[in-house]
Ligand code: NAD
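Numbering (my numbering), first residue to last: 654 to 1184.
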């Protein structure tokens, strides 16, 4: 049974999914205090939050069983991702579920700002009829500057084009092809956008680079009478600079859903919100019935899938590129892990280098996750559950293991093969693996012996002089000790030279039998492994 802790309101559709999962038990403890969280978190395998519960380093330290932390929503400001990564905890969010809600709020705010909607609404409700006071501007024929042309930015761009706006965007991490597809002109630097736009809307995440990216200097470069929208994250637009710009008249209006501190209680924010030119909402970008339902359902499904090891969507600290179908990658991940595990069980001496070569179109596209899987497999025999996909690279680095990868689009004998050379203080070993029928892992190279072995369960790896009678003697000895042989795969360099056998056995054997095997004539090395 996987135990899940829910600390925020995630809605009935999400809870219904949890109720239906036969292998999940859950508790709802809404917005626990830090002390309460530290007291209870230890017993849970997963935690699901919104923005209300801080998942800090001390919470992760106390979370002995935690494997997954799920944030229903996008922003991860309340989650210490580094602390989770260090402890091998997967952190996931639901970046797509509230995209449309945030997009529509951006449009709502933009229109409301341009037409003085809140003021006009309040005025008529007071019984007034003062139309001339609310002389607005149209979106039509204006230039919109989008900073951050991601999920929300691009959707805002498309919708604004429907209003007859020209859309330009600044996003140094996006290719021109993507912008071209939605008829948005990507500008080379921020200043170009600032100088050309009538309305500027920010849609980047809050990072060290984007914090304060619109400040006094940037506002000075904007057109007089510019309008600004921040529906992304508080702090991307410097609030003091924004206030000054509004008061001086440089900025005609601002629409804000997010603040550097929420709720906005500082004097500066109170002054900013008091300005008539500011249209503000209390961080309700994701607040639609549809988004709330989708966010909850998505995060619960993602957490359940990850706990079951079936799929890892939207994990922010996993090396999977967006859009990768984990199911098709999974057999290769398993193969890479088995190669790593075999290495660790076979190698003698302290490992200094791991050189991985990916040959073939299917594997060379996924160098990063497959390397991580290989390192996880390598470290698992010595670190057990403490190593996982999240922390394997860090743990390898901490142990002084230098990892290198090379990739080649075309393989030789197999359409896709992963070759891994491990160099230790005492020896260098090489293991190659491929998939049979795209599903079944095979070890196809053991040092310089070509074989076709099934890395599944306990096995004996035996090297010997290739002379008649060795197989018979080994088979007889195993039989005499009641050890059933499942498969026997052998490779040899040349007749009469050295041979290497990979013998799958039904159950692991003991040291005494291994010693008897080693004592047989012509046997050079016997190792027992379990993969
Ligand atoms: P996204 O990751 O799809 O897009 C972000 C884009 O910003 C990317 O294209 C990225 O390349 C770009 N970017 C990153 N750094 C940049 C920089 N220095 N300069 C220019 N561009 C940069 O994210 P998204 O889903 O579109 O979300 C955008 C923002 O909206 C996030 O901050 C998110 O937290 C916020 N959001 C707010 C609400 C709300 O309730 N108001 C709801 C959902 C999302």
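Don't be surprised by glycine CBs; every beta carbon is placed ideally from N, CA and C.
_N-terminal and C-terminal residue of the alpha helix (DSSP H) that residue 1154 is part of_ = Careful: residue 1154 lies outside any alpha helix (DSSP H), inside the beta strand (DSSP E) at 1151-1158.
*Best match in 866, 823, 857, 869 for proximity to residue 849 [C-alpha to C-alpha]*: 823
_Report the CB separation of residue 814 from residue 836 in whole angstroms; it is logged as a contact under 8 Å._
7 Å
*Whole angstroms is fine: what's the gap from residue 922's alpha carbon to residue 1077's?*
59 Å
*By how many angstroms is the C-alpha of residue 674 removed from the C-alpha of residue 937?*
31 Å
*Express the C-alpha separation of residue 909 and residue 903 in angstroms, rounding to a whole number.*
17 Å
*Roughly how many angstroms lie between the CA atoms of residue 1158 and residue 1068, to the nearest whole one?*
29 Å
*With hydrogens ignored, establish whether the beta-carbon of residue 917 is closer than 6 Å to any heavy atom of ligand 1.*
no
*Which residues in the same chain as residue 699 place their Cβ atom closer than 8 Å to its Cβ, once the five residues preceding and following it in sequence are excluded?*
655, 656, 657, 658, 719, 720, 721, 722, 723, 956, 959, 960
_So residue 691 and residue 661 are supposed to be a Cβ contact under 8 Å. How far apart are they, rounded?_
Residue 691 to residue 661, Cβ: 17 Å. No contact.
_Let me make sure I understand the geometry here. Which of 1022, 1005, 1010 has the alpha-carbon closest to that of residue 983?_
1022
_Could you check whether the Cβ of residue 813 sits closer than 6 Å to any heavy atom belonging to ligand 1?_
no
*Return yes when at least one heavy atom of ligand 1 lies under 6 Å from the C-beta of residue 947, else no.*
no
*With DSSP as the reference, label residue 1073 as helix, strand or coil.*
strand
*Excluding five sequence neighbours on each side, which residues of the same chain lie with their C-beta closer than 8 Å to the C-beta of residue 754?*
938, 939, 940, 941, 943, 944
*Between residue 1030 and residue 992, which are expected to be in contact by the criterion C-beta below 8 Å, what is the C-beta distance as a whole number of angstroms?*
7 Å
*asked:* For ligand 1, is there any heavy atom lying closer than 6 Å to the beta carbon of residue 857?
replied: yes
_Is residue 631 close to ligand 1? I mean its beta-carbon at under 6 Å from any heavy atom of the ligand._
What the structure shows of the chain is the stretch from 654 to 1184, and residue 631 is not part of that stretch, so it cannot be assessed.
*Within the region 1018-1097, note down every full alpha helix (DSSP H) run reaching 4 residues or more, in order along the chain.*
1020-1036, 1045-1051
_Proximity test, residue 799 beta-carbon vs ligand 1 heavy atom, cut-off 6 Å_ = no
*Sorted by chain position, which residues of the same chain lie with C-beta nearer than 7 Å to residue 715's C-beta, five sequence neighbours on each side aside?*
691, 694, 695
*For residue 1098, which option in 1145, 775, 1128 has the closest C-alpha, if you only look at C-alpha atoms?*
1145
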